[in-house]
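Take 138 as the starting number for the sequence shown in my numbering and just add one per residue. Presented below is the structure to which this report refers.
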Amino acid sequence: MALPEERLTEDLLKRLLEAETPEAYLDQGETLGRDLADYLRELLADRGINRSELARRSGVNGTFVYDIFNGKSLPRRDNSIMLAFGLSCSLIETQRLLRLAGVSELWPKRRRDAIIIWCIEHGMTYAACDDELARLGERTLFHPEKDNVSTSAHPTANKGGAAIEGHRMKGLG
138 MALPEERLTE
148 DLLKRLLEAE
158 TPEAYLDQGE
168 TLGRDLADYL
178 RELLADRGIN
188 RSELARRSGV
198 NGTFVYDIFN
208 GKSLPRRDNS
218 IMLAFGLSCS
228 LIETQRLLRL
238 AGVSELWPKR
248 RRDAIIIWCI
258 EHGMTYAACD
268 DELARLGERT
278 LFHPEKDNVS
288 TSAHPTANKG
298 GAAIEGHRMK
308 GLG
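Below, the structure written as structure tokens:
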């Protein structure tokens with residue numbers, strides 16, 4: 138099951154600016170009434186996975202994932218990006234997830250963000266992205282000392298930081 142196609146923000150902004158009145162735009166029904174938890178539920182259903190599998194794939198602490206889904210917590214930017222990796226999100230889906238989490242989107246003019254974008258577009262896992270970030274001298278997504286992440290979920294967490302080959306997701310569209 139594919140998620141319904143949504144218009145890009147740029148297209149919507151153009152329509153809004155061209156509208157005669159705010160109501161003319163609002164009557165088109167293009168505004169969203171959903172929150173981050175709703176969007177994550179849609180993505181989970183589309184991917185055919187559950188919350189515990191998302192926690193495992195993303196490296197985000199399972200309790201924290203449940204709190205996000207229950208509307209008790211909002212993830213910070215790096216945790217949001219890790220969730221996007223855990224869901225094998227496209228760049229557009231990742232940007233939407235970041236907006237709904239209330240954090241800044243990935244921006245290709247920022248060196249670290251450019252690396253993350255490249256990793257998303259190449260179907261990597263968050264762990265493989267972390268390897269790329271570390272290799273290129275950038276702060277990794279995974280930092281258990283200050284985030285709600287699971288140290289057991291990261292392939293290099295208890296291995297002295299040694300890079301592990303083959304972090305690409307298999308069989309995830």
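Just so it is clear, CB atoms sit at the ideal spot from N, CA and C, and this is done for glycine as well. Just so it is clear, the structure is predicted and the values come from calculations on it, not from any experiment.
- Counting along the chain, Val-202 sits inside the alpha helix (DSSP H) bounded by residues 199–206.
- Of Leu-273, Arg-272, Cys-266, Glu-275, the smallest CA-CA separation from Gly-196 is found for Cys-266.
- Taken atom to atom, the span from the alpha-carbon of Leu-191 to that of Ser-217 is near 12 Å.
- For Met-219, no pairing in a beta bridge is given by DSSP.
- Fewer than three pairs of CB atoms, one per stretch, sit closer than 8 Å, so the stretch 170–182 makes no contact with the stretch 240–255.
- Distances from the CA of Arg-276 to each of Asp-250, Arg-233, Ile-257, Trp-255 were compared; the closest alpha carbon is that of Asp-250.
- Counting C-beta atoms within 10 angstroms of its own C-beta, Arg-184 has 16 or more neighbours from the protein chains shown and is therefore classed as buried.
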